[in-house]
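Below is one structure; the comments refer to it alone.
Residue numbers (the numbering used here), protein chains in the order written: chain A, 1 to 115; chain B, 1 to 112.
Shown next as structure tokens:
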């Protein structure tokens with residue numbers, strides 16, 4: 001069965017500094033990986049995905065993520081954080097060998113960018 | 001386009017009452033999903049519909065039923081609400097099970 005872990009409940013970073021939000025996964029087949037962001041009292045918004053191809057994926061709002069198969073990781077990164085990036089971030093994984101089509105979400109990481 | 005819409009936005013029920021959460025999408029997506037979000041637990045899949053005419057259980061289906069009314073609409077029913085069903089419920093849709101999902105604004109449900 002697939003699973004995903006976000007080891008940090010909260011990440012704190014100063015505005016202008018680079019940020020990383022960590023995600024590791026476990027699947028039996030090949031992974032489809034996603035990052036979503038949730039602002040207060042809102043639904044989740046899609047940021048980026050990895051299906052196949054280039055290990056570095058670029059997404060919305062200047063975010064990018066690097067797929068590392070050997071470390072089974074898909075960390076979210078941004079070169080220069082903004083206060084407006086403060087939100088709850090979710091990593092999600094689907095096993096492309098799983099016919100159930102289920103997308104499994106991590107528990108979320110709260111990003112706090114201080115001015 | 002409105003995207004994914006959900007009604008109601010808020011609801012308070014007493015234990016044992018029933019209700020239906022409505023979800024509709026106008027993106028011509030084939031797949032639709034219902035999740036619940038609880039603090040510290042991320043999102044958990046309740047039911048999903050990979051395509052019109054099919055529905056399947058997710059991680060936490062007990063106490064819920066769903067209906068894929070047509071391609072646009074996917075409803076979630078609580079037959080006899082329990083306090084453990086207090087949560088925020090999100091509906092999502094996707095072009096296919098292989099594509100990214102688009103989420104509605106959520107329904108905050110409290111069961112007393």
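Beta carbons: idealized from backbone N, C-alpha and C, even for Gly.
All values reported here derive from a predicted model rather than from experimental measurement.
Since residue i is in the beta strand (DSSP E), which residue starts that stretch and which ends it?
i                      : result
residue 119 of chain A : Residue 119 of chain A is absent from the model: chain A starts at 1 and stops at 115.
residue 95 of chain A  : 87 to 95
residue 46 of chain B  : 43 to 49
residue 10 of chain B  : 10 to 13
residue 108 of chain B : 107 to 111
residue 5 of chain A   : 3 to 5
residue 32 of chain B  : 31 to 37
residue 60 of chain B  : First-last for residue 60 of chain B: undefined, no H or E at that position.
residue 38 of chain A  : 31 to 38
residue 25 of chain B  : 19 to 25
List the residues of chain A whose Cβ lies closer than 8 angstroms to the Cβ of residue i, in chain order.
i                     : result
residue 41 of chain B : 107
residue 90 of chain B : 43 and 44
Kindly indicate which three-state DSSP category residue i falls into: helix, strand or coil?
i                      : result
residue 83 of chain B  : helix
residue 113 of chain B : Because residue 113 of chain B is not part of the residues shown, which for chain B are 1 to 112, the question remains open.
residue 121 of chain A : Since the first residue shown for chain A is 1 and the last is 115, residue 121 of chain A is missing from the structure and cannot be characterised.
residue 80 of chain A  : coil
residue 101 of chain A : coil
residue 60 of chain A  : helix
residue 18 of chain A  : coil
residue 52 of chain A  : coil
residue 72 of chain A  : coil
residue 75 of chain B  : strand
residue 68 of chain B  : strand
residue 52 of chain B  : coil
residue 12 of chain A  : strand
residue 2 of chain B   : coil
Shorter than 6 angstroms, the distance from the beta carbon of residue i to the closest heavy atom of the ligand COA, or not?
i                     : result
residue 71 of chain B : Within the structure as shown, the ligand COA is missing, as the structure has no ligands at all.
Check the Cβ of residue i against every Cβ in chain B and list those closer than 9 angstroms, keeping chain order.
i                      : result
residue 110 of chain A : By Cβ distance, chain B contributes nothing, its closest Cβ being about 11 angstroms from residue 110 of chain A, past 9 angstroms.
residue 49 of chain A  : 99 and 100
residue 90 of chain A  : 42 and 43
Quick one: which chain A residues come within Cβ less than 7 angstroms of residue i?
i                     : result
residue 74 of chain B : Result: empty, since nearest Cβ-Cβ is about 14 angstroms, beyond 7 angstroms.
Whose Cβ in chain B lies nearer than 8 angstroms to the Cβ of residue i?
i                      : result
residue 102 of chain A : 45, 48, 58 and 59
residue 67 of chain A  : Ordered by position in chain B, no residue passes the 8 angstroms Cβ test against residue 67 of chain A, which lies about 16 angstroms from the chain.
Does the beta carbon of residue i come closer than 7 angstroms to any beta carbon on chain E?
i                     : result
residue 37 of chain B : The chain labelled as chain E is not found among the protein chains of the depicted structure, namely A and B.
Query raised in the report: Using 8 angstroms as the threshold, is the region 94 to 102 of chain B in touch with the region 22 to 35 of chain B, meaning 3 or more CB pairs across them?
Result: yes
Query - contact_flag[the region 7 to 16 of chain B, the region 64 to 71 of chain B] where n(CB pairs < 8 angstroms) is 3 or more - result: no
**Report entry** Selection of the region 94 to 107 of chain B by Cβ proximity to chain A, strictly under 8 angstroms
**Finding:** 97, 98, 100, 101, 102, 103, 104, 105 and 106
**Report entry** Three or more C-beta pairs below 8 angstroms linking the region 11 to 31 of chain A and the region 80 to 96 of chain A
**Finding:** yes
Query raised in the report: Between the region 58 to 78 of chain A and the region 33 to 46 of chain A, do three or more beta carbon pairs fall short of 8 angstroms?
Result: yes
**Report entry** Residues within the region 25 to 46 of chain A neighbouring chain B, beta-carbon criterion of under 9 angstroms
**Finding:** 32, 34, 36, 38, 41, 42, 43, 44, 45 and 46
Report task. May I ask you to verify whether the region 73 to 85 of chain B touches the region 70 to 89 of chain A, counting CB pairs closer than 8 angstroms and requiring at least 3? Result -> no
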